[in-house]
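Below is one structure; the comments refer to it alone.
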Amino acid sequence: MTKVLFRTYGHPTHIVGGGQTDIEFPGVTVKDLLDQLVRTFGDPMRNILYPKDDKFSDMLYVLINGKNMTYLDGLSSRLQDGDVVAVLPMTAGG
Numbered sequence: 003m004t005k006v007l008f009r010t011y012g013h014p015t016h017i018v019g020g021g022q023t024d025i026e027f028p029g030v031t032v033k034d035l036l037d038q039l040v041r042t043f044g045d046p047m048r049n050i051l052y053p054k055d056d057k058f059s060d061m062l063y064v065l066i067n068g069k070n071m072t073y074l075d076g077l078s079s080r081l082q083d084g085d086v087v088a089v090l091p092m093t094a095g096g
């Protein structure tokens, strides 16, 4: 089991019941964590993380200890106990 601090910003915050929570899950990858979030928080979380046929949303960033998972190994990025994982919506401005 891996235990991380999960932080969220924007829309998913109300699902988690605040901005952060400790999550313990089987496995070691970001995908394993996201699957646990869906098991824990149900369809509201699934609809945010996987809005189209179990494909991870392209409107969210996942940061692992401040580093975008895109520049690591994506959903296969490995997590360790104590990591801080944040999910936040993309923002744009002009």
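When the letters of the sequence shown are read in order and numbered with my numbering, they come out as residues 3 to 96. Glycine residues also receive a C-beta, built at the ideal position from the N, C-alpha and C atoms. In this text, all values refer to a predicted model and were calculated from it rather than measured experimentally.
Could you give the DSSP three-state label for L62: helix, strand or coil? Translated into the one-based positions of the sequence shown, residue 62 becomes position 60. DSSP places L62 within a strand segment (E or B) once states are collapsed to three.
Give the straight-line distance between the Cα atoms of P46 and L39, rounded to the nearest whole angstrom. The count along the sequence shown starts at 1 and reaches residue 46 at position 44. The count along the sequence shown starts at 1 and reaches residue 39 at position 37. Approximately 10 Å, taken between the alpha carbons.
For F27 and P14, what's the separation of their Cα atoms in angstroms? One-based indexing of the sequence shown puts residue 27 at position 25. One-based indexing of the sequence shown puts residue 14 at position 12. So the alpha carbons of these two residues sit roughly 19 Å apart.
Note the first and the last residue of the continuous alpha helix (DSSP H) segment covering T159. Lying outside 3 to 96, the shown extent of the chain, residue 159 is not represented and no answer is given.
I need the straight-line Cα distance from Y11 to S78, nearest angstrom please. Position 9 of the sequence shown holds residue 11. Position 76 of the sequence shown holds residue 78. Those two C-alpha atoms are separated by around 22 Å.
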